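J.: To convert, count from 1 in the sequence shown and add 5; that's my numbering. Here a beta-carbon is modelled for each residue, glycine too, at the ideal position from N, C-alpha and C. In this text the structure is predicted, and so the values were computed from the model without any measurement. Here's a structure for you.
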Amino acid sequence: MTSNHSAAHGLRYATPVRLGPVGQRKSMNEELVTIAVYVAPYEAEMAKGELEAYGIPSFVLDQFAIGANPLYSNALGGIKLQVPATYAEEAHKIITAQATSEVSQNEEESKANYKQTVAKSFAWLYLAMAAAGTAFAVYLFSKL
């Protein structure tokens, strides 16, 4: 990090610097692009963690305001996940791949749950038919 000195206030502050793909230093003055909007703060933080695992710097906006009062979500436009413009395309691919895998996983789980529900329904139906058949057989034999 480089250091700047503000003579007017006597303050020292650091200029944010990131390492690029080859290790060169780049200033963080490039434009940020919103690649996704979330409803819940934890969703945005999970996506941010996923991007950072791939080495993509990311920032979450409005998470604290919406976390404090979820009714602000519509007014603020949701919780925004932003990345530098140079990483936007790669980050978008990662986020959409993550969302697609979650959707396909949910579909597989729902199909498995449906099959289990149908199997349980048929089991109850067979038990009910067996009970009714037994009751009918008892009725018939009682008339003999």
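1. Less than 8 Å between the beta carbons of E55 and T91, yes or no?
2. Within the continuous beta strand (DSSP E) that includes A41, where are the two ends?
3. Helix, strand or coil for S32 per DSSP?
4. Beta carbon of A96, beta carbon of I61: below 8 Å?
5. What does DSSP give as the partner residue(s) for F64 in the beta ladder?
6. How is G72 classed by DSSP in three states: helix, strand or coil?
7. Decide if L132 is buried, meaning its Cβ has at least 16 other Cβ atoms within 10 Å, or exposed.
8. How would you label V88, buried or exposed, when you count the other beta carbons within 10 angstroms and need 16 or more for buried?
9. Among A73, A93, L86, whose alpha-carbon lies nearest the alpha-carbon of M51?
10. Roughly how many angstroms separate the alpha carbons of I40 and A93, rounded to a whole number?
11. Can you tell me whether Y144 is buried or exposed, with buried defined as 16 or more other CB within 10 angstroms of its CB?
T.: For this structure:
1. no
2. 37-43
3. With a pLDDT of 49 at S32, under the threshold of 50, the predicted position of this residue should be treated as unreliable, though the coordinate-derived value follows. In this structure, S32 counts as strand in the three-state DSSP scheme.
4. Result yes, Cβ atoms of A96 and I61 sit closer than 8 Å.
5. Q87
6. helix
7. exposed
8. buried
9. L86
10. 7 Å
11. exposed
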